[in-house]
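Student: Numbering (the UniProt record's numbering), first residue to last: 1 to 511. Think of the CB as a built atom: it goes at the ideal place given N, C-alpha and C, for glycine as much as any other residue.
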Ligand code: HEM
């Protein structure tokens with residue numbers, strides 16, 4: 001956490017004190033329950049850091065499924081139950097689909113150029129439409145062969161060098177996302193078109209996690225002179241801002257420049273719209289396209305990487321699940337070809353593994369906060385305008401009242417029923433007008449990876465120096481909006497010579 005010095009804090013607190021105290025006095029009386037706060041700071045000192053999804057779930061046992069925290073006058077509403085999330089974020093999406101105003105992430109770093117953090121309005125709508133059209137269910141099959149090919153190369157490379165687990169997953173998923181967004185094929189893990197967005201995403205996670213930057217609670221701190229002790233967060237913001245600009249504009253400029261040279265691989269999001277506009281795209285439309293593309297990189301990379309790591313971990317921990325899925329693939333697809341994304345309807349158990357991975361290890365455990373556009377009342381509780389609304393997706397997908405043994409990986413819980421699996425997706429991918437526009441694309445990438453791994457390999461635990469197997473622990477990283485399994489090792493063993501041959505046949509050509 002980037003804290004200003006105590007003196008700065010003290011001065012700022014005194015200056016803001018009268019106003020804040022008034023705010024506290026004016027607090028509505030019938031807010032949802034929550035811990036007792038203290039004057040001026042409210043509950044700021046009680047806001048969980050690290051893994052807030054687990055802490056909020058624990059607090060929910062005392063305060064209930066909807067809780068209120070006052071953070072220096074700013075209302076935070078935490079939703080722990082799927083029913084309440086649907087009632088408010090889905091059914092009243094006209095009120096609950098705004099985004100909070102982030103000082104660090106937005107004003108200072110500039111992530112609010114992307115529609116992910118844009119308030120509801122024209123800019124948000126137009127950027128979102130660009131993505132919704134290009135990644136709609138009817139359009140994405142044109143990317144299936146790319147997803148399938150990269151899934152096969154991922155497995156082939158992991159078979160050769162399982163120690164490259166993280167970097168290989170980053171590379172293959174990065175290749176897919178950057179290829180479909182800019183028509184550029186990433187060559188290696190050192191490529192800046194991969195490294196920049198990955199670094200920008202790490203910063204996004206830190207900048208948006210409530211409580212990480214004090215300036216979000218005391219916005220006036222953003223005017224601190226840079227030389228002042230405690231103003232270090234401003235230099236961090238400058239550095240992060242440059243990175244976001246490079247990550248967003250450089251691949252776009254490359255795509256535009258190389259449309260004429262033929263190097264830009266088509267179709268791709270930016271190329272499609274640039275070609276359609278026939279050189280007549282207005283500057284305003286170009287800005288929207290660049291920031292919408294940046295949103296795709298931000299939304300699509302880390303989430304899919306984390307889910308892939310969780311899937312492989314589950315396969316190690318639950319070998320009986322792995323064997324059952326392999327048997328399904330063998331009987332439906334046979335051993336003469338690799339599975340395709342279009343095989344999905346005929347592979348309900350593999351499909352259930354995807355849904356169970358989403359449920360067991362949601363990569364965006366608290367989603368992205370929403371904000372209210374007007375005052376509202378829910379079951380007698382007042383929800384003020386401008387409140388920050390945080391859905392605890394992790395807990396909703398681990399609610400023992402809904403999911404028996406929630407920490408266990410049990411694909412059978414869905415009975416192969418698409419409607420049951422869809423209930424998981426309806427929570428995992430967020431809510432209302434903000435629901436993730438990349439979910440069908442993400443499902444394609446992840447299904448291709450899962451089915452290819454299961455068709456061709458046994459996933460086994462890694463070995464320690466003495467040659468003993470080391471099982472991964474079901475533990476996740478903290479301090480970011482997106483969470484990853486803590487590092488673990490694995491081994492892959494080809495299931496048959498045919499499987500190795502099928503993987504070897506996949507071309508590594510750029511397309
Ligand atoms: C497993 C993969 C993924 C997961 C778990 C995931 C999850 C989410 C969640 C929880 C949200 C917040 C929704 C809300 O505010 O209620 C979101 C938003 C978003 N996602 Fe995804 N996502 C995934 C993949 C993708 C992909 C592949 C793309 C790009 C094609 C993408 C693009 C976006 C964008 C642009 C938003 C912001 C939407 C808005 O504010 O209007 N996501 N995603």
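Using 8 Å for Cβ pairs, my map puts residue 267 next to residue 182. What's the rounded Cβ distance?
Tutor: Here residue 267 is taken as the residue at index 267 of the chain shown, counted from 1. Here residue 182 is taken as the residue at index 182 of the chain shown, counted from 1. With a Cβ gap of about 11 Å, residue 267 and residue 182 do not count as contacting.
Student: Could you give the C-beta distance for residue 425 and residue 358, rounded to a whole number, given that I count them as a contact under 8 Å?
Tutor: Here the question's residue 425 lines up with position 425 in the chain shown. Here the question's residue 358 lines up with position 358 in the chain shown. Their Cβ separation, rounded to whole angstroms, is 7 Å, which keeps residue 425 and residue 358 in contact under 8 Å.
Student: Roughly how many whole angstroms lie between the Cα atoms of residue 57 and residue 88?
Tutor: As a first step, residue 57 must be located in the chain shown, where it is residue number 57. As a first step, residue 88 must be located in the chain shown, where it is residue number 88. So the two alpha carbons sit approximately 19 Å from each other.
Student: So, helix, strand or coil for residue 457, using DSSP?
Tutor: As a first step, residue 457 is located in the chain shown; it is residue number 457 there, counting from the start. It is a strand residue.
Student: Please determine whether the Cβ atom of residue 133 lies at a distance below 8 Å from any heavy atom of the ligand HEM.
Tutor: Taking the first residue of the chain shown as position 1, residue 133 is located at position 133. No, the beta carbon of residue 133 sits no closer than 8 Å to any heavy atom of the ligand HEM.
Student: Taking 9 Å as the threshold (C-beta atoms), are residue 479 and residue 50 in contact?
Tutor: Locating residue 50 in the chain shown gives position 50, where the first residue counts as 1. Locating residue 479 in the chain shown gives position 479, where the first residue counts as 1. Yes; because the gap between Cβ atoms is below 9 Å, this pair is in contact.
Student: What's the gap between the Cα of residue 261 and the Cα of residue 510?
Tutor: Position 261 of the chain shown, counting from 1, holds the residue named residue 261. Position 510 of the chain shown, counting from 1, holds the residue named residue 510. Between residue 261 and residue 510, the C-alpha separation is close to 16 Å.
Student: For the ligand FMN, is there any heavy atom lying closer than 8 Å to the beta carbon of residue 270?
Tutor: Ligands present in the displayed structure are limited to the ligand HEM, and the ligand FMN is not among them.
Student: Since residue 71 and residue 217 are thought to touch, with beta carbons under 8 Å apart, how far apart are those beta carbons, to the nearest angstrom?
Tutor: Here residue 71 corresponds to residue number 71 of the chain shown, with the count starting at 1. Here residue 217 corresponds to residue number 217 of the chain shown, with the count starting at 1. With a Cβ gap of about 6 Å, residue 71 and residue 217 count as contacting.
Student: On a Cα-Cα basis, can you pick out the residue from 388, 47, 369 and 465 that is closest to residue 429?
Tutor: Here residue 429 is taken as the residue at index 429 of the chain shown, counted from 1. Among 388, 47, 369 and 465, the Cα nearest to that of residue 429 is on 369.
Student: What do you get for residue 240, buried or exposed, if any count of 16 or more other CB atoms within 10 angstroms of its CB means buried?
Tutor: For this step, residue 240 is matched to residue 240 along the chain shown. Burial call: buried.
Student: For residue 447, which residues from the same chain have a beta carbon less than 8 Å from its beta carbon, with the 5 sequence-adjacent residues on both sides left out?
Tutor: The sequence position of residue 447 within the chain shown is 447, counting from 1. Counting only Cβ-Cβ distances below 8 Å, and skipping sequence neighbours, we find 341, 344, 350, 351 and 354.
Student: Counting C-beta neighbours from all protein chains within 10 Å, is the total for residue 98 16 or more, i.e. buried, or is it exposed?
Tutor: Here the question's residue 98 lines up with position 98 in the chain shown. Buried.
Student: With distance defined between alpha-carbon atoms, name the residue in 412, 147, 178 and 139 nearest to residue 299.
Tutor: The count along the chain shown starts at 1 and reaches residue 299 at position 299. Residue 178 is the option with its Cα nearest to residue 299.
Student: Only counting runs of 4 or more residues, tell me where the alpha helix (DSSP H) segments fall wholly within the region 140-201, in order along the chain.
Tutor: For the region 140-201, whole alpha helix (DSSP H) runs of length 4 or above, ordered along the chain, are 144-160 and 165-182.
Student: Am I right that residue 296 and residue 169 are in contact with their C-beta atoms under 8 Å? What's the rounded C-beta distance?
Tutor: Numbered from its first residue, the chain shown carries residue 296 at position 296. Numbered from its first residue, the chain shown carries residue 169 at position 169. Not really, about 18 Å apart at Cβ, beyond 8 Å.
Student: Measure the alpha-carbon distance for residue 406 versus residue 82 and round it to whole angstroms.
Tutor: In the chain shown, residue 406 corresponds to position 406, counting from 1. In the chain shown, residue 82 corresponds to position 82, counting from 1. Taking the straight line from one Cα to the other gives about 15 Å.
Student: Taking the alpha carbon of residue 73 as the reference point, which residue from 38, 61 and 67 has its own alpha carbon closest?
Tutor: Translated into the one-based positions of the chain shown, residue 73 becomes position 73. Of the listed residues, the one whose Cα sits closest to residue 73 is 38.
Student: For residue 498 and residue 333, what's the separation of their Cα atoms in angstroms?
Tutor: Start at 1 with the first residue of the chain shown, and residue 498 comes out as number 498. Start at 1 with the first residue of the chain shown, and residue 333 comes out as number 333. Rounded to the nearest angstrom, the two C-alpha atoms are 13 Å apart.
Student: Below 8 Å on the Cβ atoms is my contact criterion, and I expect residue 102 with residue 441 to pass it. Report the Cβ-Cβ distance as a whole number of Å.
Tutor: In the chain shown, residue 102 corresponds to position 102, counting from 1. In the chain shown, residue 441 corresponds to position 441, counting from 1. Residue 102 to residue 441, Cβ: 26 Å. No contact.
Student: Would you tell me roughly how many angstroms separate the C-alpha atoms of residue 55 and residue 138, rounded to the nearest one?
Tutor: Translated into the one-based positions of the chain shown, residue 55 becomes position 55. Translated into the one-based positions of the chain shown, residue 138 becomes position 138. Distance between the alpha carbons of residue 55 and residue 138: 40 Å.
Student: Could you say if the region 300-316 and the region 383-395 meet the contact criterion of at least three C-beta pairs nearer than 8 Å?
Tutor: The region 300-316 is not in contact with the region 383-395.
Student: Under 7 Å Cβ to Cβ from residue 324, same chain only, skipping five residues before and after it: list those, please.
Tutor: Numbered from 1 along the chain shown, position 324 holds the residue referred to as residue 324. Contacts found: 349.
Student: For a test of your reading of the model: does the CB of residue 442 fall under 8 Å from any non-hydrogen atom of the ligand HEM? Yes or no.
Tutor: Counting from 1 along the chain shown, the entry for residue 442 is found at position 442. Under cutoff, so the answer is yes.
Student: From 41, 93 and 125, pick the residue whose C-alpha is nearest to that of residue 374; which is it?
Tutor: Here residue 374 is taken as the residue at index 374 of the chain shown, counted from 1. Checking every option, the nearest Cα to that of residue 374 belongs to 93.
Student: Which class does residue 489 belong to by DSSP, given the choice of helix, strand or coil?
Tutor: Walking along the chain shown from the start, residue 489 turns up at place 489. Three-state DSSP puts residue 489 in coil, outside helix and strand.
Student: Any idea if residue 26 is buried or exposed, counting beta-carbon neighbours within 10 angstroms, 16 or more meaning buried?
Tutor: Here residue 26 corresponds to residue number 26 of the chain shown, with the count starting at 1. The predicted model places residue 26 with a pLDDT of 47, which falls under 50 and marks its position as unreliable, so this point remains unresolved.
Student: Whose C-beta lies closer than 8 Å to the C-beta of residue 506 among residues of the same chain, with five residues either side of it excluded?
Tutor: Taking the first residue of the chain shown as position 1, residue 506 is located at position 506. So the qualifying residues of the chain are 149, 152, 153, 156 and 338.
Student: For residue 304, which of 166, 393 and 465 has the nearest alpha-carbon?
Tutor: As a first step, residue 304 must be located in the chain shown, where it is residue number 304. Measuring from the Cα of residue 304, the nearest candidate turns out to be 166.
Student: Is residue 372 near the ligand HEM, judged by its Cβ being under 8 Å from some heavy atom?
Tutor: Stepping through the chain shown from its first residue, residue 372 is reached at position 372. It does not: the Cβ of residue 372 is nowhere closer than 8 Å to a heavy atom of the ligand HEM.
Student: Count Cβ pairs between the region 485-499 and the region 454-465 that sit closer than 8 Å; are there 3 or more?
Tutor: The region 485-499, when compared against the region 454-465, does touch it at the 8 Å Cβ threshold.
Student: According to DSSP, is residue 371 helix, strand or coil?
Tutor: The sequence position of residue 371 within the chain shown is 371, counting from 1. Strand.
Student: Less than 8 Å between the CB atoms is what I'm expecting for residue 294 and residue 248, so what's the real figure, rounded?
Tutor: Numbered from 1 along the chain shown, position 294 holds the residue referred to as residue 294. Numbered from 1 along the chain shown, position 248 holds the residue referred to as residue 248. Confirmed, Cβ separation roughly 4 Å.
Student: Grab me the residues of residue 500's own chain with a C-beta within less than 6 Å of its C-beta, minus the 5 sequence neighbours each way, in chain order.
Tutor: The residue given as residue 500 occupies position 500 in the chain shown. These residues qualify, in order along the chain: 494.
Student: If you follow the alpha helix (DSSP H) that residue 96 is in, where does it begin and where does it stop?
Tutor: The residue given as residue 96 occupies position 96 in the chain shown. Per DSSP, residue 96 belongs to the alpha helix (DSSP H) from 93-96.
Student: Could you tell me whether the Cβ atoms of residue 213 and residue 220 are closer together than 9 Å?
Tutor: Looking up residue 213 in the chain shown gives position 213. Looking up residue 220 in the chain shown gives position 220. Going by C-beta atoms, residue 213 is not nearer than 9 Å to residue 220.
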